[in-house]
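In what follows, a structure is listed as structure tokens, so that the remarks can point back to it.
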Amino acid sequence: MSTTQTNGGQPNGKLAVVIMAAGKGTRLKSRRPKVLHAIGGKPLLSHVIAAASRIVTPPDIIVVIGHQAERVREAVQASGVRFVEQIEQRGTGHAIQCAREAIAPYENILVLSGDVPLIRPETIEAVWSFHQSEQAAMTILTAAPENPTGYGRIVRTSPGSPEVQAIVEQKALTPEQQSIREINSGIYAFKTAPLLRHLDMLTTDNAHGELYLTDMAGLLRTAGEQVLAVQAAEAAEVLGANTIAELVALDATLRAATANRLMASGVTIFRPDTCVIDAEVEVAPDTIIEPFVQLLGNTRIGSDCFIRSYSVIENCTLGDGVLVNQGCIMNDSTVADGAKLGPYARLRPGSEIGEDAHIGNFVETKKTRVGKGAKANHLTYLGDAEIGAGTNVGAGVITCNYDGVHKHKTTIGEGVFVGSDATLVAPVTIADGAYIGAGSCITKDVPAGALALGRARQETKEGWVAERRTRQKKQD
Ligand code: UD1
Ligand code: CA
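In structure tokens form, the structure reads like this:
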């Protein structure tokens, strides 16, 4: 199929996109509405809206909602699309009947299905331009997948003809029609006037007792209108998600495409089939990703990074040359060039790790800024803290940021040495170059260059063990 330029998203009264998203998704056996099930980390409907937004601007996108309408509306309304409600879901034809007023001002509409998420804007555009150039009343996007079972089948007027006689749903196929491999993708272009003229002629005379939009093909054809099919080169992008197994298969297809895109741009991903990378993740060339890594949401990774196995990175920005050792869990944080993390570091939201800083094993940070070259290498909690450049935070150090009611800040200057196992009771400030003795409980500010000790003085009793033994023997 040839591709053409989009119109750059200019609004016009010529074309609206209608996305059918009111169905329950009974076959998923899920309480969540089908179109809110996610693949590639994003709801099905959001994928379809993103594709549609490349053809027209969001106010010209009409989403038909019904089952759990409020939940669906809330999930996607930030995109700026319009909604119409289909209170009772009486089929795809009924969905379009419910959008009647919304589509009337437009010369043409494109109909997309909320559960066919891999559709590419280029393909929608190709349907639209074919529809326009042929001046058809209805253009159906079709495909020929290996296994057409479950889909509506395309009956052409004669073999090889672009004209369609009818769409026949799976349950109504005659024995001869069973062998038709060409399926209906559920994606169509319509000239609005003939569509509206015939919309009330749909009947519920079928296996599900629903109003099928697919019957419009036969109705228009019988009325002497032109009904055409255009076949997608790749069936993969028009496959629907009616069951969890189909949904998971689409997720795998999408993630493979994402991994391939990154690899084509110079990123090494070992065993990409084991990695979970969301569609919008960006990674710069020469970064290496080991097996079983998850890169989620709005994550950006620089070049020359090394992301080791079992790390899960969500909504994070990493600079260049960052080493993420095995098993790091990171959310909503930033990491500057050359920093080293893990193994088993946990960056909670609001962590800002500075250039060349080290956050080692079993170190947890939250809403904490770690300065350039600072180190916290072992078993530490840093919450609501600011740590200056070149400071060393010893093993087992804890910022006590919570007094049971409020959170407080710990400020540590540059070049500070915090001895192991110190507890820093916030709010507290430790100025530049200070030393904190190991095992101290620090409750008061420490001035620059000072040594602070807050622990019991050691007492040593020489010969105590032998004396005790003698005492015990006498007692026995
Ligand atoms: C539909 C087509 C079938 C096609 C397939 C492609 C019909 C009758 N059949 O079947 O020919 O091969 O898509 O994927 O159209 N929806 C509503 N309101 C409703 C019913 C459905 O908005 O009352 C929405 C659903 O949320 C879904 C879309 O329409 O996003 C398609 O509905 P679905 O029930 O999945 O149709 P299929 O059985 O897959
Ligand atoms: Ca479907």
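Throughout the sequence shown, residue numbering follows our numbering, covering 10 to 485 in sequence. We put the beta carbon where it would ideally sit given N, CA and C, even for glycine.
- In the DSSP assignment, residue 139 falls outside any beta strand (DSSP E) and within the unbroken alpha helix (DSSP H) covering 130-143.
- Our two residues, residue 386 and residue 75, have alpha carbons roughly 53 Å apart in a direct line.
- Apart from the 5 residues on each side of it in sequence, residue 226 sits with its Cβ closer than 7 Å to the Cβ of 147, 149, 173, 175, 176 and 236 in its chain, given in chain order.
- Around the beta carbon of residue 96, a 10 Å sphere encloses fewer than 16 other beta carbons of the protein chains shown; the residue is thus reported as exposed.
- Residue 184 is classed as exposed because its beta carbon has fewer than 16 other beta carbons within 10 Å across all chains shown.
- Comparing C-alpha distances from residue 159 to each of 145, 142, 129 and 192 shows the shortest one belongs to 192.
- The residue from 374, 362 and 370 with its alpha-carbon nearest to that of residue 383 is 362.
- In the DSSP annotation of this structure, residue 191 is not part of any beta strand (DSSP E), being labelled neither H nor E.
- According to the DSSP assignment, residue 339 belongs to the beta strand (DSSP E) that extends over 338-340.
- Distance check between residue 348 and each of 123, 106 and 365 places 365 closest, using alpha-carbon atoms only.
- By the criterion of at least three beta-carbon pairs nearer than 8 Å, the region 56-67 is in contact with the region 116-130.
- Minimum Cα-Cα distance from residue 425 among the listed residues 415, 443, 409 and 431 corresponds to 443.
- For residue 367, the uninterrupted beta strand (DSSP E) run begins and ends at 367-375, by DSSP.
- Where residue 256 is concerned, there is no enclosing beta strand (DSSP E), although the alpha helix (DSSP H) around it starts and stops at 253-273.
- The alpha-carbon of residue 179 is positioned some 42 Å away from that of residue 274.
- The Cβ neighbour count for residue 457, taken over all protein chains shown within 10 Å, is under 16; the residue is labelled exposed.
- In the DSSP assignment, residue 384 falls outside any alpha helix (DSSP H) and within the unbroken beta strand (DSSP E) covering 384-392.
- Bounds of the beta strand (DSSP E) holding residue 162 are 162-165.
- For residue 409, the enclosing beta strand (DSSP E) has its first and last residue at 407-409.
- Nearest neighbour of residue 311 by Cα position, chosen from 329, 302 and 299, turns out to be 329.
- Between residue 211 and the set 289, 105, 297 and 315, the nearest pair of CA atoms involves 105.
- Considering only 393, 380, 450 and 288, the residue with the shortest C-alpha distance to residue 441 is 380.
- Unbroken alpha helix (DSSP H) runs of no fewer than 4 residues, entirely contained in the region 25-102, are found at 53-61 and 78-85, following chain order.
- For residue 216, the three-state secondary structure derived from DSSP is coil.
- Our two residues, residue 152 and residue 199, have alpha carbons roughly 18 Å apart in a direct line.
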